[in-house]
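Counting in the working numbering, the sequence shown runs from 68 upward without gaps.
The C-beta atom is built at its ideal place from N, Cα and C for all residues, glycine as well.
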Amino acid sequence: MADERTPRLEMRGISKTFPGVKALNNVQLKAWGGEVLALMGENGAGKSTLMKILSGAYQADPGGQLMIDGTPVAISDPIAAKQQGISIIYQELALAPNLTVAENIYLGTEPARGGRIDRKAMREGCRPVLERLGAPFGPDTVVGGLSIAEQQLVEITRALHAKSKILVLDEPTTALSSRETDRLFGLVRQLRADGIALIYISHRMAEVYELADRVSVLRDGGYVGTLTRDELSAESLVKMMVGRDLSSFYTKTEKPQDSRGPVILEVQDITDGGRRVKPCSLQLHQGEVLGIAGLVGSGRTELARLIYGADPKTGGKVALNGSVLTVHGPEDALAAGIAYLTEDRKGLGLFLDLPCGTNINLGVIERDAKRGGVLDLPAGRRRAADAFKALRVRAASPAVTVGSLSGGNQQKVLLSRWLETGPKVLILDEPTRGVDIGAKSEIYRIIDELSQRGIGVIVISSELPEIIGTCDRVLVMREGHIAGEVGGPGGAPITQENIMAYGAGAAAQAA
Ligand SMILES: Nc1ncnc2c1ncn2[C@@H]1O[C@H](COP(=O)(O)OP(=O)(O)OP(=O)(O)O)[C@@H](O)[C@H]1O
Ligand SMILES: [Mg+2]
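Printed below as a string of structure tokens:
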């Protein structure tokens, strides 16, 4: 198709070596104007690194070549990339929260008049683009108060304002609701029609099907190949990404209906005074995998945070194995045997500057501190090494900092931290967000294994296939209360329709 024309972007023979890791090895990539090129691959495959080379954030090893519209260019830093019309929207957004929308858009290129920054010109200059994109905020809004979707919109505005010819979106939908995702897709299509070359990184197959004209795949830092839209199939993509067939994606051991274990966790009328969570009650059985479905914003995370003691409850109680817990904070919950994997790994979960090993051991340290235990360093090292192996964490060793890992591998480190505490109840909030397809199936296998060992697992997820594929029973939340239940002995079958009926979402769940 597009191959007759000169590519807007061509990368050839790109390699990148970090201390101890060859992140990219002789990679190639072509992208044309007016198309969406999806870039796929497992966690740590090198997608973000390749794009950081394109954006001037990293320098490639010598020997590679980068061409724009057929002309070789050198991109020595982010400013050079900008001059070449390259914009990137990172996995972790990169705006200055204290500045206004206009200030962020003009950052580094502020217009001056009479030796001062011309604020009026800035305001007026970005207004047309904001209007065109239908932004629900103006140039003077302070960015820190905007939602993640809105901050993304600011970044896109900045890219358009800089007249970008190449726009990279690195996992843009991980923190968006389905409505926000739809809106973003509309924008992406609009930009494609304008002739921009879009490079779209995602782990979500459904998004790639919906948007991509072509898909290029990386594996272990190498280039595997490219499929056009007509050649796309889940099977071929998975095989290219993982290097093998994934025969059983979901692992759920069906439990006989009458074999349900005793209630391990009982929550009664827990509430934050009705702010986000109206009085909610639930029972979790030993060895049960209980899903909590519902739209983004329905109160799922807030409910979990009340149970775990991360937010104060104004009423209700939590009992573990029949005895009521006094939970003043997460340490108490953890000491009692309840672990909670947060959905926000950057804000709440991980210490990015500390080694992976330390992060993995933190949960145990916290738990043992509460019990008055002492630090056992060799055991800690062993624990970290075992966790690395069990979850197939891709990094040189547990000694490297979490911040240097790819997004999905960070998630695995966070998960191992909680597994190492040997919990009786494990609450997983969006456990596979940003996690690649191989690691996903690994996490599903672990959930199944934990439940077989008698641990009660609660899975909060926006991905219905994930809920359906892993859970024995599902509660559906809506507007802060539990609106219904499917599955379990005598319950309605766990299907998309049955769950959505309670979620009252005509607005379809995120795929
Ligand atoms: N600054 C860095 N220092 C050391 N190693 C790094 C650094 N950045 C990336 N790496 C390593 O390079 C490899 C590729 O990482 P990259 O972030 O490009 O993966 P990715 O394909 O974007 O993965 P994900 O899907 O998880 O986001 C990984 O092994 C990662 O640990
Ligand atoms: Mg990445």
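Taken atom to atom, the span from the alpha-carbon of SER483 to that of ILE514 is near 12 Å. In this structure, LEU370 is the residue among SER390, ASN388, LEU370, GLY389 with its C-alpha nearest to the C-alpha of GLY382. GLY340 has its Cβ no nearer than 6 Å to any heavy atom of ligand 2.
Look at ARG461: its beta carbon is less than 6 Å from one of the heavy atoms in ligand 1. Boundaries for GLY396: no beta strand (DSSP E) harbours it, and the DSSP string shows neither H nor E there.
Around the Cβ of PHE455, a 10 Å sphere holds 16 or more other Cβ atoms; the residue is buried. With contacts defined by Cβ atoms closer than 7 Å, GLY376 and VAL394 form a contacting pair. Partner residues in the beta bridge of ALA105, as assigned by DSSP, are TYR267, VAL282. Taking all protein chains in view, the Cβ of GLU533 is crowded by 16 or more other Cβ atoms within 10 Å, so the residue is classified as buried. Taking one beta carbon from each stretch, the segment 269–276 and the segment 74–81 have fewer than 3 pairs nearer than 8 Å; the two do not touch.
The three-state secondary structure of ASN171, taken from DSSP, is helix. With respect to the C-alpha of GLY358, the residue from TRP99, ILE266, MET544 having the closest C-alpha is MET544. Burial of ASP280 is indicated by the presence of at least 16 other C-beta atoms within 10 angstroms of its C-beta. Per DSSP, TYR407 lies in no alpha helix (DSSP H) segment; the continuous beta strand (DSSP E) that holds it begins and ends at 405–408. Remark: three or more beta-carbon pairs, one from each stretch, lie closer than 8 Å, so the segment 202–216 and the segment 236–252 are flagged as touching. Residues ILE156, TYR267 of the same chain have their beta carbon placed closer than 6 Å to that of LEU236, with the five preceding and five following residues left out of the count. Residue side-chain check: GLY262 keeps its Cβ at 6 Å or more from all non-hydrogen atoms of ligand 2. Distances taken from the Cβ of SER269 to the heavy atoms of ligand 2 include none shorter than 6 Å.
For TYR317, the three-state secondary structure derived from DSSP is coil. LYS114 has its Cβ nearer than 6 Å to a heavy atom of ligand 2. It is roughly 12 Å from the alpha-carbon of VAL460 to the alpha-carbon of VAL467. Under the DSSP definition of a beta bridge, GLN350 partners with GLU333. In the DSSP assignment, no residue is bridged to GLY383. Assignment of beta-bridge partners to GLU77 by DSSP yields LYS97, MET134. Assignment of PRO239 by DSSP, reduced to helix, strand and coil, places it in the coil class. At a cut-off of 6 Å, the beta-carbon of SER508 does not count as near ligand 1: no heavy atom of the ligand is closer than that. Counting only runs that start and end inside the segment 425–511, the beta strand (DSSP E) elements of at least 3 residues fall at 492–496.
LEU121 and VAL209 have their C-alpha atoms spaced approximately 29 Å apart. Annotated as distal: GLY108 and ALA90, with beta-carbon spacing of 7 Å or more. By the Cβ-count criterion, GLN150 is exposed, with fewer than 16 other Cβ atoms from all chains shown falling within 10 Å of its own Cβ. Going by beta carbons, TYR569 and GLY551 fall inside the 7 Å limit. Separation of the CB atoms of GLU177 and ILE184 is rounded to 5 Å, and the pair is thereby assigned contact status at 8 Å. For ALA260, the enclosing alpha helix (DSSP H) starts and ends at 245–260. Your pair GLU497 and ILE527 checks out as a contact, with CB atoms roughly 6 Å apart and the cut at 8 Å.
For PRO239 against LEU258, the beta-carbon gap comes to about 12 Å, at or over 8 Å, which does not count as contact. Within 6 Å of the C-beta of GLY474 there is at least one heavy atom belonging to ligand 2.
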